[in-house]
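Just add 96 to wherever you are in the sequence shown, counting from 1, and you've got this note's numbering.
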Amino acid sequence: MYLSHALTLQQVLATILTLWLADKSGRRLLLIVSSSAMALSLLVVSISFYLKEYISPDSDLYATLSLVSVAGVVVMVIAFSLGFGAMPWIIMSEILPINIKGLAGSFATLANWFFSWLVTLTANLLLDWSSGGTFTIYTAVCVFTAGFVAIWVPETKGKILKEIQQFFR
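Set out below in structure tokens:
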């Protein structure tokens with residue numbers, strides 16, 4: 097229970113830091129750093145799970161790899177909080193014209209909850225199939241996301257809607 101509280105506190109502190117960093121470094125950079133850090137941490141978790149398949153559960157290395165896996169997940173949660181926890185909602189409020197903001201925001205929220213549900217639904221099935229494979233898939237999604245943001249998401253910091261819309265033309 098105490099570890100859960102500690103992780104929640106880390107998320108809150110990282111999110112507060114994110115709000116400060118958003119005006120210093122920009123929203124797009126935070127998304128790229130966040131997804132890249134999530135990819136690296138999930139890759140560490142994936143490798144740890146793959147290695148554990150070849151090591152005796154009684155060995156010290158097995159216990160160490162278990163701790164590395166937990167640390168990787170904690171880093172992933174913090175990395176998420178440093179970008180993807182808050183930035184999409186901030187960017188959405190800055191990028192959408194007022195006439196579609198309500199509908200588009202509702203659709204984005206629906207998509208967010210749908211994919212959260214889908215990940216929750218499939219996580220145990222994937223973990224039963226392969227723990228390392230599951231985190232490899234999640235790593236690939238984060239790598240794709242970093243590339244997508246780098247190519248398609250404009251920086252919105254300090255820009256008016258008209259300047260942001262020029263990016264899409």
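Using N, Cα and C, we set each Cβ at its ideal position, and we do this for glycine too.
Query	Result
Give the DSSP-derived three-state secondary structure of Pro153 in the structure shown.	coil
Look at Phe180 and Ser131 and say whether their C-beta atoms are less than 8 Å apart.	yes
Less than 8 Å separating the beta-carbons of Thr232 and Leu223?	no
Just verifying my parser: in three-state terms, what is the DSSP assignment at Phe203?	helix
In this structure, how does DSSP classify Met134 when only helix, strand and coil are distinguished?	helix
Let's see if you can read the secondary structure: which residues bound the alpha helix (DSSP H) around Ile233?	Ser227 to Trp248
Buried or exposed for Ile191, please, with buried defined as at least 16 other CB atoms from any protein chain shown within 10 angstroms of its CB.	buried
Counting only the same chain and skipping the five closest in sequence on each side, list residues whose C-beta sits under 7 Å from that of Met188.	Gly201 and Ala204
Quick check: Asp119 and Lys258, are their CB atoms within less than 8 Å of each other?	no
If you draw a straight line from the alpha carbon of Phe244 to that of Ser137, how long is it in whole angstroms?	19 Å
Where does Glu251 fall in DSSP's three states?	coil
Tell me the start and end of each unbroken alpha helix (DSSP H) in the segment 158-219 that is at least 4 residues and wholly inside, in chain order.	183-191
My assumption, with CB atoms under 8 Å, is that Met134 sits in contact with Met97. Please give the rounded CB distance.	Going by Cβ atoms, the distance from Met134 to Met97 rounds to 25 Å, so no, they are not a contact pair.
Is it right to say Ile174 is buried, meaning 16 or more other beta carbons lie within 10 angstroms of its own, or is it exposed?	buried
Note down the Cα distance separating Val129 from Thr218, rounded to an integer number of angstroms.	26 Å
In whole angstroms, what is the alpha-carbon distance linking Leu99 and Ser162?	16 Å
Are Phe176 and Ser227 close, meaning C-beta to C-beta below 8 Å?	no
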